[in-house]
Structures are given as C-alpha cells and as structure tokens.
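Numbering (our numbering), first residue to last: 2 to 187.
Quick reminder that beta carbons are idealized off the backbone N, C-alpha and C, glycines included.
Some notes on the structure that comes next.
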Ligand SMILES: [Zn+2]
C-alpha cells in the first residue's frame, strides 16, 4: 500500500528504531511493511532512491534502497535491508549533495552537501531472513549511510554545518542548469 511519507517536524523522525526479532523477519507483518515501503518508493519513482520504515511511521530497523551501484539496466532493483550494520572500509570522505523524501516535497525539497566515509560494508538480513553483505562506494555508500541514519533518528541536515549550504530544489536545479556544476560550499 502506498503510505504517506512523514515530514520533518514529526518527532518520530528523531527516534531510534528497534530491531526486528529474527523470528519476525519472515512474518506477515514484516512482509507487509516491506511491500508498503516498495509501493511508496515506486509511487515516488522520480526521486526515491531509498526509504526507511520510520519515514512511513513504523519504528523498525528496515529500509529499502535502489541498487544505484549496478549498471543502468539493473538499477531498478531494490534491496531490502533488515537490522543493518555498517563497517567503514575507507575512512576517506566523499561529498554528495543529498536530499530526503522527509525534508519537504516538490520545489521545496531541500538539498545539502554531506561528507561521509567513502566506502562501507553493510551487513543485513534480507526479507527471507538470509544474512547478506554488500560493499558500497560513492553514491550508493551515501545512500546506505543516509538510510541507516534514519534508523538512528538522524536527518542528513545534521551533517550540514552551515545552513547557507542548504538549497531549495527549484533554486538548486536553476543553479545547476545555469552553472553546470554544484554550488560552492561556503
Ligand atoms: Zn532520507
């Protein structure tokens, strides 16, 4: 079912989500939560690359991410990650301009520059309860760390020190079109 995505100001976004019990991973309740996450992402297909359960109001350690690390033709695959843990593989940081489905909608959506460890390994359970692991680099690494932050009640805006670096979508798009590069970080 397509769910409403809760927005900044809703205090649930600042709460830590709880682990899914092993016995509950392959349950009707979890299956329905995963379906809701995927349906909601697909309904927002133009800008959704990931969504955490808390963003549809369920405080469980579950998120879905698009496989942006794969070749174009496979990028529409979604990975379900339950009870994820991250290990940093390369502490060197990379910079990505991030946005979030919970930080405004349409032309009011906000974007900001975020530095995160460049390379991480994520260990998680898939929807069948199998233990899996993936190494992620660049954008995909940011995507996973952004979603894991949600499970810990952290929004990407907390990583942007100077509010002057936060841009509204319409102005950000206009800047990119006119300058063909990201705005300088101030
Ligand atoms: Zn987000």
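CA-to-CA distance, residue 134 to residue 111, given in whole angstroms: If I take the Cα positions, the gap works out to 31 Å.
What beta strand (DSSP E) runs, 3 residues minimum, are completely inside the stretch 70 to 132? The DSSP assignment places complete beta strand (DSSP E) segments of no fewer than 3 residues inside the stretch 70 to 132 at 79 to 100 and 111 to 126, in order along the chain.
Whole-angstrom distance between residue 93 and residue 46, CA atom to CA atom: One C-alpha to the other measures close to 31 Å.
Going along the chain, which unbroken runs of the beta strand (DSSP E) with 3 or more residues stay wholly within the stretch 25 to 59? Counting whole runs of 3 or more residues, the stretch 25 to 59 contains the beta strand (DSSP E) stretches 51 to 53.
Sorry if obvious, but does the Cβ on residue 42 come closer than 6 Å to a heavy atom of ligand 1? Not a single heavy atom of ligand 1 lies less than 6 Å from the C-beta of residue 42.
Could you tell me the alpha carbon to alpha carbon distance between residue 76 and residue 140, rounded to whole angstroms? The alpha-carbon of residue 76 is positioned some 13 Å away from that of residue 140.
Here's a check: name, in chain order, each residue in its chain whose Cβ is nearer than 6 Å to the Cβ of residue 82, leaving out the five neighbours to either side. A distance below 6 Å between beta-carbons, with the five flanking residues on each side excluded, links residue 82 to the following residues of its chain, in chain order: 64 and 125.
Kindly indicate the opening and closing residues of the beta strand (DSSP E) around residue 64. Unbroken beta strand (DSSP E) run through residue 64: 63 to 67.
As a quick exercise: from 43, 50 and 154, pick the residue whose alpha carbon is nearest that of residue 17. When only C-alpha atoms are compared, the closest one is 154.
For the stretch 94 to 104 against the stretch 20 to 35, are there 3 or more C-beta pairs whose distance is under 8 Å? Contact fails: fewer than three Cβ-Cβ distances are below 8 Å.
Just to confirm the assignment, what range does the alpha helix (DSSP H) spanning residue 179 have? Looking at the DSSP string, the run of the alpha helix (DSSP H) that includes residue 179 is 170 to 180.
Quick one: is residue 163 buried, meaning 16 or more other Cβ sit within 10 Å of its Cβ, or exposed? Counting every other CB atom within 10 Å of its CB across the protein chains shown gives residue 163 a total below 16, marking it as exposed.
On the criterion of 16 or more Cβ atoms from any shown chain inside 10 Å, does residue 185 qualify as buried, or is it exposed? It counts as exposed.
With a Cβ-Cβ cutoff of 7 Å, do residue 37 and residue 61 count as a contact? The answer is no: Cβ separation not under 7 Å.
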